[in-house]
Amino acid sequence: MADGSPDETTPEREWVDPPESFVANANVTAADRDAFREAGWPECWRRPADLLDWDRGFDAVLDDSEEGPTRWFPGGRLNAAHNCVDRHVAAGRGDETAVAWEGKLGESRTYTYGELADEVNAFAAALRELGVEAGDVVTLYLPMIPELPVAMLACARIGAPHSVVFAGFSADALATRLSGADSQFLVTCDGYYRRGAALDLKRRADNACVSVDHAVEQVVVNRLDDERAAGDHHVYADLVADHEGATVEPVAREADDLLFLIYTSGTTGEPTLVRHTTGGYLTHVAWTGHAVLDLGPDDTHWCSADVGWITGHSYAVYGPLALGATTVLYEGTPDHPETDRLWEIIERNGVDVFYTAPTSIRAFMKWGEEHPERHDLSSLRLLGTVGEPIDATAWHWYRDHVGDGECPVVDTWWQTETGGIVLSTLPGVDRMRPGAVGKSLPGIETAVVDETGRRVAAGEAGQLVVTRPWPGMARSLCEGSGWGARRTRTVEGEWQYATGDNAVRDEDGYLHLLGRADDVLKVSDRRLSTAEIERAIVGVDGVAEAAVVVGADDDAAHRSEIHAFVSPESNVAGDDALRESVGAAVEEAIGPIAVPDAVTFAPSLPKTRSGKVVRRYLAAIANGEDLGDTSALRNPEVVGELESLLDR
Ligand code: 6R9
C-alpha cells in the first residue's frame with residue numbers, strides 16, 4: 001500500500017500511490033498537468049473553458065485590469081442549462097440517465113437527458129408565464145427531490161438566478177433569505193419525510209412569506225400526496241402538464257452574469273450572500289469534476305451532499321451534468337431503513353465515483369465494516385471527501401472498506417466562496433498523503449501566511465490564502481480589495497483572498513488543514529456561524545451571554561455536536577425550562593440543524609482582557625482536551641468552574 005523508502009511510511013510522511021489501472025485511464029495525466037503549467041496563469045484556464053459550449057467565444061481569459069471588477073472570460077456568452085442538458089441530447093445521448101433519484105420511502109425515479117430536457121423546458125415556460133424575467137431571483141426551498149435540479153436548470157435556462165435555501169432551515173431563516181435577495185418567486189413543496197416523519201414545508205414557507213415585505217408568488221411541488229391542496233399557489237405538476245412540449249430558447253448569458261445566489265454563514269449574525277457567475281463558475285465545476293472527480297459521460301456519480309449547500313450545487317448538479325454524467329440524488333439518511341442503505345444504492349446504481357464528508361465516514365466506521373463488505377462495491381473506482389479535515393485513520397478505512405483498498409481517495413478542500421475545488425491531489429497524477437489535502441490545483445495558487453500576509457515556513461501554521469483569481473471565485477471577491485466582508489487584500493503588490501482556514505504546509509508541499517481561524521462553525525459538513533446561533537440564544541429571556549462550539553460527533557444526528565455555554569442573568573436559574581427555551585429559540589431562528597446538543601449553564605464565560613469570549617477554551621472543555629496556559633484570561637478561574645460543571 002504505502003511504498004517508497006522506510007521513512008516515508010511513518011504516518012506523517014506516508015505516501016499512497018494510485019493504482020496503475022487508474023493512472024492509465026485518468027482524464028488528466030501528468031502530461032496534461034505539465035501543459036497546463038506551461039500555458040501559465042491565466043491562459044491555462046482556456047482549456048477548461050473548452051469543456052463548455054459557448055454561444056459567443058470569449059475575447060480574453062481574464063480581465064483583471066485596475067479599473068473595475070475581475071472578470072473571467074469577458075465577451076463570452078453561454079447558457080448553463082444548454083450546457084448541462086441540451087447539448088447532451090443533441091449529441092444523441094437523450095436516452096442516457098441524467099438523474100437517478102432514490103426516494104426516502106425506497107421509491108426510485110430516473111430522468112434521462114431527454115426527459116430532463118422536456119421537464120426543464122416545460123417548467124422554464126411556466127416560470128416565464130408567471131412573470132419571471134432574466135435577472136429575477138427565484139428562491140427554491142426544496143428537499144432532495146428531482147424537481148430541485150429541474151427548477152435550478154429551468155431558472156438557468158431563462159437567465160433567472162436561483163437561490164436555493166436548505167429545506168432544513170426554519171421559516172425565519174427562509175424569510176431573511178427571501179427578503180435579502182428581494183426574491184418574489186418561491187418554489188417549495190407540501191412537505192417531505194425526515195427520519196420517518198412527514199414535515200410540513202408548505203406551512204414553513206407560508207409563515208416565511210407573511211413576514212416578507214413584498215408579495216411572493218408560490219409554486220408547490222406535491223411530494224407527500226397528490227391531493228392538490230387548494231390555496232393561493234400554483235401546483236408544479238399542473239404547470240408542467242400545461243406546458244408539456246414547450247420549448248424555451250436558452251438565454252445566452254454574459255460570462256459574468258449571475259447563475260445563482262447562495263447564502264452561507266459568515267462570522268457575523270447575518271447570513272452571507274455569495275453570488276456565482278455563469279461562465280467562471282461553470283468552467284470551474286466542469287473542470288474540477290473532470291480533473292479531480294475524473295467524471296465523464298459514462299460515469300455514475302454520487303455526491304451525497306444536500307443540494308441546499310454549495311457541495312450539492314457544484315458536484316451533484318452543475319459539475320456532473322455539464323460533463324454528461326449520471327448524478328445520483330438521495331432523499332434519505334444513511335442509516336434508514338438499515339445502516340447499509342448507501343452501499344445498497346451504490347451497488348444497485350453501479351456508482352463509479354462517490355463523494356462524501358468525513359463525518360459520514362466516521363459514522364460508517366462506527367457502524368462497522370461488515371456493512372459495506374456485504375455489498376458488491378466493485379463499480380467504484382474513485383472516492384472523494386469534502387467538508388472538514390479527514391484524519392489518516394478514517395482515510396484508510398474509507399479506501400480499504402469502501403474502495404477495496406484500491407480506489408484513489410481525493411481529499412478536496414474548497415468553500416462556498418471558491419465555487420469549486422481548490423486544493424486536492426489529481427487522482428491520476430499525484431501521490432496521496434492520508435490526512436493531507438495535497439496542493440493547489442494547476443492554475444490556482446495558494447500560500448500559508450502570518451497575520452501580516454507574509455509567507456510562513458514549511459511546518460509552521462498560518463492562514464491559508466489564495467494568491468491569484470480563479471474562475472469559480474464568488475462575485476464579491478472580484479470586486480476589488482476590501483479586507484472586511486470580502487476578505488481580499490493586497491500584500492506587497494500581491495492579491496490575497498483570506499480563506500478563514502488555518503493550515504500548515506509540510507516539507508513535501510502538501511497542505512494539512514487545521515480548521516477555521518474565524519467564528520465560522522463547521523458542524524460536520526454544514527456551515528453555521530457562532531454569531532447567528534448565539535444571537536438566537538441571547539434573545540431568550542433570562543439569558544445574559546452565550547457562546548457555542550463544536551464538540552465530538554453525534555452518531556444519531558450524523559453530525560458533530562453543538563455545545564452551548566450559556567450564562568443566565570443573575571436571578572435566573574439554569575434549569576431544564578431555560579434549556580428548552582434555548583433550543584426552541586435556535587430552532588425558530590435557524591432550524592433544527594443548529595440546535596445545541598448540549599447546554600452548559602455557567603456563571604460566566606472565559607474572556608480576554610478586552611472582553612472577547614475565548615471559544616477555544618470552551619471547545620477544549622467541551623471536548624475534554626488540555627487547555628494549556630489560561631493566564632491571559634481576565635477571569636481564568638471560570639475555566640476551572642466550567643470543567644467541574646462538566647464533571648471532569
Ligand atoms: C465545500 C464546503 C467551507 C469550509 C472551509 C473549511 C472546511 C471544506 C475541507 C475543509 C478541511 C477539507 N472544509 N473542505 N476542511 N479539509 N477537505 O464545505 O464549503 O460549506 O462553504 O465550508 O469547510 O473550513 O473553509 P462550505
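Going by UniProt numbering, the sequence shown opens with residue 1, and the numbers climb by one from there.
By construction, the Cβ of each residue, glycine as well, lies at the ideal position given by its N, Cα and C atoms.
The model shown is predicted, which means the values in this text are computed figures rather than measured ones.
Asked	Found
Evaluate N571 with the Cβ neighbour count: other Cβ atoms within 10 Å of its Cβ, from every protein chain shown; 16 or more gives buried, anything less gives exposed.	exposed
Assign T9 to one of two classes, buried (16 or more other C-beta atoms within 10 Å of its C-beta) or exposed (fewer than that).	Note on T9: pLDDT 47, under 50, position unreliable in the model; the coordinate value appears next. Exposed is the call here.
R56: buried (16+ other C-beta within 10 angstroms of its C-beta) or exposed?	exposed
Would F565 and A620 be called neighbours here (beta carbons separated by less than 9 Å)?	no
For L130, which three-state DSSP category applies?	coil
Take the Cβ of R71 as the centre, count every other Cβ of all protein chains shown within 10 Å, and call the residue buried at 16 or more, exposed below.	buried
The ligand 6R9 heavy atoms versus the CB of D525: any closer than 8 Å?	yes
Let me confirm a value: P297 is counted as buried when at least 16 other C-beta atoms fall within 10 Å, else exposed. Which label applies?	exposed
Of the choices E20, P42, N25 and D32, whose alpha-carbon is the least far from that of T467?	P42
Starting from the C-beta of D32, find all residues in its chain whose C-beta is less than 6 Å away, skip the five residues before and the five after it, and write them out in chain order.	none
To the nearest angstrom, report how far apart E643 and G551 are at their CA atoms.	15 Å
Excluding five sequence neighbours on each side, which residues of the same chain lie with their C-beta closer than 6 Å to the C-beta of T288?	G420 and I421
Would you identify the three-state DSSP class for H276, choosing helix, strand or coil?	strand
In or out: M1 buried (at least 16 other Cβ within 10 Å) or exposed?	Unreliable placement is indicated for M1, whose pLDDT of 35 sits below 50; the coordinate value is still reported in the next sentence. Classification of M1: exposed, given that the 10 Å Cβ count is below 16.
For V599, I'd like the list of residues in its chain whose CB is within less than 7 Å of its CB, leaving aside the five on either flank, ordered along the chain.	A564, V566, R579 and V582
DSSP puts S265 in a beta bridge; with which residues?	P271
If you count every other CB in all the chains shown that lies within 10 Å of the CB of N349, and 16 or more means buried, which is it?	buried
Leaving out the 5 sequence neighbours to the left and right, which residues in its chain are closer than 8 Å to V639 when beta-carbon positions are compared?	P606, Y617, I621, L627, T630 and L633
In the DSSP output, which residue or residues are listed as bridge partners for N502?	Q463 and G515
So, helix, strand or coil for P6, using DSSP?	Reliability fails at P6, whose pLDDT of 38 lies under 50, so the model's placement of it is uncertain and no value is given.
Under the three-state reduction of DSSP, which class applies to T359: helix, strand or coil?	helix
Whole angstroms is fine: what's the gap from A547's alpha carbon to I537's?	9 Å
Could you check the C-alpha separation between L52 and F58 for me, to the nearest Å?	12 Å
Could you tell me the boundaries of the alpha helix (DSSP H) in which S476 lies?	R475 to C478
The ligand 6R9 and D64: does any heavy atom of the ligand fall closer than 8 Å to the residue's C-beta?	no
Out of curiosity, what's the CA-to-CA distance linking P596 and I590?	12 Å
Classify I145 as helix, strand or coil using the three-state DSSP reduction.	coil
Output yes or no for whether 9 Å exceeds the beta carbon distance between residue 665 and G279.	The structure shown has nothing for residue 665, since the chain only spans 1 to 648.
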